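*Asks:* Residue numbers for the sequence shown follow this note's numbering, so the first one is 621 and each next one is one higher.
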Amino acid sequence: MKKLKKLLKNKKPIIVFIYGPMAVGKFTVARILSKKLRYKFTHNHALNDLVDGIFTRGTYANGVMKDRLRYDLLENAVKAGISLVTTHAYSHNYVSPAGLTDPKYVQTLEKKLTKLGAQFFTTHLKASNEELLRRVNMSSRKAFGKLTDKKIMRKFILQKDWQTSPKLKNNLVIDNTNLSPKKVSDIIIRHFKIKS
Numbered sequence: 621m622k623k624l625k626k627l628l629k630n631k632k633p634i635i636v637f638i639y640g641p642m643a644v645g646k647f648t649v650a651r652i653l654s655k656k657l658r659y660k661f662t663h664n665h666a667l668n669d670l671v672d673g674i675f676t677r678g679t680y681a682n683g684v685m686k687d688r689l690r691y692d693l694l695e696n697a698v699k700a701g702i703s704l705v706t707t708h709a710y711s712h713n714y715v716s717p718a719g720l721t722d723p724k725y726v727q728t729l730e731k732k733l734t735k736l737g738a739q740f741f742t743t744h745l746k747a748s749n750e751e752l753l754r755r756v757n758m759s760s761r762k763a764f765g766k767l768t769d770k771k772i773m774r775k776f777i778l779q780k781d782w783q784t785s786p787k788l789k790n791n792l793v794i795d796n797t798n799l800s801p802k803k804v805s806d807i808i809i810r811h812f813k814i815k816s
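Next up, the structure:
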């Protein structure tokens with residue numbers, strides 16, 4: 621019993637952070653991964669919907685709350701020794717209403733979580749523009765109130781830099797245009813040598 625407690629105490633929590641453009645399949649891959657690894661699962665819409673329900677989307681107050689809660693949620697999970705899989709809608713040229721850029725957010729998150737003792741495994745999912753347009757109006761997206769309008773998606777494709785990754789220590793980039801979510805989850809597990 622003492623050996624088991626010591627082993628659990630010395631085990632570093634793992635945060636699998638999957639990021640990329642809208643409609644690339646982050647949620648689906650993350651859900652499969654969390655089941656395979658038996659890790660907790662959360663996604664960017666859970667936090668965004670909570671904040672958007674109180675603070676008007678696009679306002680400074682909304683941006684401050686999202687920026688703060690994103691850090692707090694993951695930092696406290698690590699402090700509690702919880703391993704989890706999470707997602708983040710990422711654009712290299714995105715700046716929150718409070719002034720935080722996506723690259724700065726992910727880089728700072730990496731520093732904070734590794735300083736707390738976590739293993740931080742990042743995966744940047746990408747897909748062709750044609751595939752993103754095909755996936756954006758899939759029925760599974762409607763259940764979470766996600767963007768399903770191809771016209772708006774075309775506009776985002778022109779405006780957003782979804783190809784550039786932030787500078788991170790151990791970042792896996794996967795083009796999943798022609799890969800199933802299960803295959804992507806297997807690649808992530810193998811690459812980072814994650815054990816459940």
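Note that CB positions come from ideal geometry on N, CA and C, so glycine has one too. Computed from a predicted model, the values in this text were never measured in an experiment.
1. My output table needs one value for His708: the three-state DSSP class, helix, strand or coil.
2. In angstroms with no decimal places, state the Cα-to-Cα distance between Arg651 and Phe661.
3. Should Thr707 go down as buried or exposed, given a rule of 16 or more other Cβ atoms within 10 Å for buried?
4. Start and end of the beta strand (DSSP E) containing Phe741?
5. Of all the beta strand (DSSP E) runs that stay within the bounds of the stretch 652–719, which reach a length of 3 or more residues?
6. Between which two residues does the alpha helix (DSSP H) harbouring Val726 extend?
7. Between Gln727 and Leu788, what straight-line distance do the alpha-carbon atoms span, to the nearest angstrom?
8. Look up Phe861 in the DSSP assignment and say whether it is helix, strand or coil.
9. Distance, Cα to Cα, Tyr725 vs Val684?
10. Thinking just about the alpha-carbon of each residue, which of Ala738, Ser800, His811 and Gly645 is nearest to the one in Val829?
11. By Cβ distance, which residues of its chain are closer than 6 Å to Ser654, with the 5 residues on each side in sequence left out?
12. Would you report the Cα separation of Val804 and Val649, rounded to the nearest angstrom?
13. Any beta carbon of chain C sitting closer than 9 Å to that of Phe741?
14. With three or more beta-carbon pairs closer than 8 Å as the criterion, would you say the stretch 753–768 touches the stretch 630–643?
15. Take His665 as the anchor and find which of Lys766, Lys770, Phe812 and Ala747 has the nearest alpha-carbon.
16. Since Leu752 is in the alpha helix (DSSP H), which residue starts that stretch and which ends it?
17. Per DSSP, Asn798 forms a beta bridge with which residues?
18. Which class does Leu778 belong to by DSSP, given the choice of helix, strand or coil?
19. Alpha carbon to alpha carbon, what distance is there between Ile807 and Ser816?
20. By the 10 Å Cβ neighbour count, where 16 or more other Cβ atoms means buried, how is Ile674 classified, buried or exposed?
21. Who does Val793 pair with in a DSSP beta bridge?
*Replies:* In terms of the structure at hand:
1. strand
2. 7 Å
3. buried
4. Gln739 to Lys746
5. 704–709
6. Asp722 to Lys735
7. 6 Å
8. Since the first residue shown for the chain is 621 and the last is 816, residue 861 is missing from the structure and cannot be characterised.
9. 12 Å
10. The chain is shown only over 621 to 816; residue 829 falls outside these bounds and no answer can be derived.
11. Phe661 and Val705
12. 7 Å
13. Looking for chain C here will not work: only one protein chain is present.
14. yes
15. Lys766
16. Asn749 to Arg755
17. Answer is none; Asn798 lacks a bridge partner.
18. helix
19. 15 Å
20. exposed
21. His744
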